[in-house]
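Novice: Before I ask anything, here is the structure I am working with.
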Amino acid sequence: MDILITGGTGFIGSRLTELLMDEGHDLTILTRSESKKENGIQYVQWLHKDSSPEREITPPNAVINLAGVSINDGSWSEAHQEKIYNSRMEATDELLRIMDALGKKPDVFVNASAVGIYPTSEMHVYTEESTEVAHDFLGKTVYDWEQKASKMKEYGTRVVYTRFGTVFGKGGGALPLIVLPYKLFAGGPIGSGQQWISWVHVEDVVRAISFAIQTPSLHGPVNVTAPAPVRMSDLGKAIGSVTHRPHWLPVPSIAMKIALGKKSKLVLEGQHVLPEKLNSSNFTFNYPAIRPALENILT
């Protein structure tokens, strides 16, 4: 299968590239760097004033859009929030322009998304059937991103919005932020400790994306979260146990807000999200439970 990827060199994208190569697909990655072919992958420059990627690429069977400034980086100042939002809108606009310029349209378009589209709640359980949308920065960003990507349906293309949970993995994602206090022997309950963390191992994220490409029945929102979300207090206890560090020093919400600013929302608030579509489609998680996932990443 010919697959076009944006954001193919990031935390998720680099691992997805490895998986898709192992599966025998032909990959083209849109990059801000100069066009080249390396290790069997075609890199094509885009988002540059002199680039015309539609002239260099073969019409793909599948498109995976992961482009955008990471929400785990930066301070979430007003300027940084603007970069997070605009990077997704601008990259998706350009990708839609490229698709429009190609004669043959892709069979499937997978657009990254996030469970941040759902309102935060300690009581409610969200599935793909949930229609509630959060009226905050993350909710607006994810909602607008999905709406923009939905334009691909006009071509008869199957569109999937992979709503990622809190992605855990080595060398990136949200876990380093949560684990750091434990490395300093200062780990403990964060905030109320009752907030839900709908987490997922990065290995299952990339496997779910590949699964979505190859499963015609999947369309619309697909929650990419492990089937067993945990409350923050239980996550902390598991981290302490796996790293052999104490879980004892409470971290008040105000301390997190001072240290992280608006980004503290990522650890102080959460949603209880279940991957009903993946479960009903017989997708198998390699890491359905939190302790084995942490053991794989932290040991």
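By full-length UniProt numbering, the letter at position 230 of the sequence shown is numbered 230, and the numbering carries on one by one without gaps. Yeah, the Cβ is synthetic: ideal placement off N, Cα and C, and Gly gets one too. Note that the coordinates shown come from a computational prediction; the quantities given were computed from them, not determined experimentally.
Which two residues bound the contiguous alpha helix (DSSP H) that contains ASP234?
Specialist: Residues 232-243.
Novice: Sort LYS151, GLY236, VAL206 and LYS277 by Cα distance to LEU16 and report the nearest one.
Specialist: Comparing Cα positions, the closest option is VAL206.
Novice: Can you give me the Cβ contacts of GLN195 inside the same chain, cut-off strictly under 6 Å, excluding the 5 residues immediately before and after it?
Specialist: MET232, GLU269 and GLY270
Novice: To the nearest angstrom, how far is it from the Cα of ASP107 to the Cα of HIS219?
Specialist: 12 Å
Novice: Which residues share a DSSP beta bridge with THR141?
Specialist: According to DSSP, which records beta bridges pairwise, THR141 is partnered with nothing at all.
Novice: How big is the Cα-Cα spacing for LEU294 and ARG55?
Specialist: 44 Å
Novice: What are the complete alpha helix (DSSP H) segments, minimum 4 residues, inside the stretch 238-277?
Specialist: 253-260 and 265-268
Novice: Using alpha carbons as the reference points, say which of ASN72, GLU78, ALA79 and MET89 lies closest to LEU47.
Specialist: MET89
Novice: At what residues does the alpha helix (DSSP H) containing ALA293 begin and finish?
Specialist: 290-298
Novice: With distance defined between alpha-carbon atoms, name the residue in LEU95, SER130 and ALA67 nearest to LYS83.
Specialist: ALA67
Novice: Excluding sequence positions up to five away, which residues of its chain have a Cβ less than 6 Å from the Cβ of LEU4?
Specialist: THR28, PRO60 and VAL63
Novice: Quick check on the burial criterion: 16 or more other C-beta atoms within 10 angstroms. Buried or exposed for ASN111?
Specialist: buried
Novice: Would you grab the beta carbon distance between ILE98 and PRO53 for me? Rounded to a whole angstrom, and I think it's under 8 Å.
Specialist: 6 Å
Novice: Under the three-state reduction of DSSP, which class applies to THR157: helix, strand or coil?
Specialist: coil
Novice: Quick one: grab the DSSP three-state call for ASP204.
Specialist: helix
Novice: Just tell me which of GLY191, ASN282, ILE12 and THR215 has its CA closest to the CA of LEU266.
Specialist: GLY191
Novice: Would you identify the three-state DSSP class for GLU38, choosing helix, strand or coil?
Specialist: strand
Novice: So, is PRO229 buried or exposed, given that buried needs 16 or more other C-beta atoms within 10 angstroms?
Specialist: buried
Novice: I'd like to check one pair, GLY172 with PHE285: are the Cβ atoms closer than 7 Å?
Specialist: A distance of 7 Å or more separates the beta carbons of PHE285 and GLY172.
Novice: Please state whether DSSP places ILE64 in a helix, a strand or coil.
Specialist: Strand at ILE64.
Novice: Tell me the DSSP bridge mates of PRO119?
Specialist: Its beta-bridge partners do not exist; DSSP assigns none.
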